[in-house]
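The sequence shown maps to residues 14 to 177 in the working numbering. The beta carbon of each residue, even a glycine, is placed where N, CA and C say it ideally should be. Take a look at the structure set out below.
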Amino acid sequence: MRAEYEALVATYTEFEDCVVEEKNKKAREYFQILPDRTMSLGFGRRPGKSQTEIERTARMASQLRPRILFQAKHYKHPTFGDLYGFYMSDYQNTSLLSYNCCFYIAPIDDSLKIISKYVADPASENVSWEYLCGIELETLGELVELLKFTAPERCADLADYDAE
């Protein structure tokens, strides 16, 4: 997640396109759907932004923060074997810590890679996950292990967090 965050910040703050592309390339190394397919990071910029544009977007970047990890779940998946779900906050500096996305990670070519991303529906009264990109998972499999790190503050998210 650090590489993703650094690529996002570089997109807003770096004047040199080659620096932005290098950060994005590094982040994409972790986003792999299949051995030959990489998932989109979900952000980017056009080459050749002016200094004025960079200064304007850099102010927006000051509102970003690294994602907060709420919990991690390890599943036994029928296709991937080990499947890990990481429940994360948004990059936006909001007043209420809440679920934003869940990255699913599985072994691909002897490395762990992000294979799928789901996003939380903030308008839902209960926790509701919507498929965004990568491999759409029909089932997660049997829960093997659960690790909790930071409790979310949104009531529905906290109830979900405390349910297991």
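- Query: Taking one C-beta from the stretch 157-167 and one from the stretch 78-97 each time, how about it: are there three or more such pairs within less than 8 Å?
  - Reply: Result yes; three or more Cβ-Cβ pairs closer than 8 Å.
- Among 177, 165 and 44, which residue has its Cα nearest to the Cα of residue 102? Comparing Cα positions, the closest option is 165.
- Message: Strictly by DSSP, which residues pair up with residue 88?
- Response: Bridge partners of residue 88: 96 and 156.
- Message: Quick check: what's the CA-CA separation for residue 141 versus residue 41?
- Response: 27 Å
- Query: Going straight from the alpha carbon of residue 92 to that of residue 100, what length do you get?
  - Reply: 21 Å
- Query: So what's residue 128 in DSSP terms, helix, strand or just coil?
  - Reply: If DSSP states are grouped into helix, strand and coil, residue 128 belongs with the strands.
- residue 97: which of 62, 34, 67 and 126 sits nearest, CA to CA? Nearest of 62, 34, 67 and 126 to residue 97, Cα basis: 126.
- Item | Proximity test, Cβ basis, 9 Å: residue 84 and chain C | No chain C appears in this structure, which consists of one protein chain only.
- Opening and closing residue of the beta strand (DSSP E) in which residue 25 lies: No beta strand (DSSP E) holds residue 25; the alpha helix (DSSP H) holding it covers 15-26.
- Item | Helix, strand or coil at residue 171 [DSSP, three-state] | helix
- Query: Tell me the DSSP bridge mates of residue 161?
  - Reply: Looking at the DSSP assignment, residue 161 forms a beta bridge with 84.
- Query: Is the beta carbon of residue 163 less than 9 Å from the beta carbon of residue 110?
  - Reply: Result yes, Cβ atoms of residue 163 and residue 110 sit closer than 9 Å.
- Could you check where the beta strand (DSSP E) with residue 121 kicks off and where it finishes? 114-121
- Query: What's the gap between the Cα of residue 123 and the Cα of residue 39?
  - Reply: One C-alpha to the other measures close to 18 Å.
- Cross-strand partners of residue 144 (DSSP beta bridge): 131
- Sequence-distant residues of the same chain with beta carbon closer than 6 Å to residue 132, five excluded per side: 114, 143 and 145
- From 112, 70 and 151, pick the residue whose C-alpha is nearest to that of residue 139; which is it? Of 112, 70 and 151, the residue nearest in Cα terms is 112.
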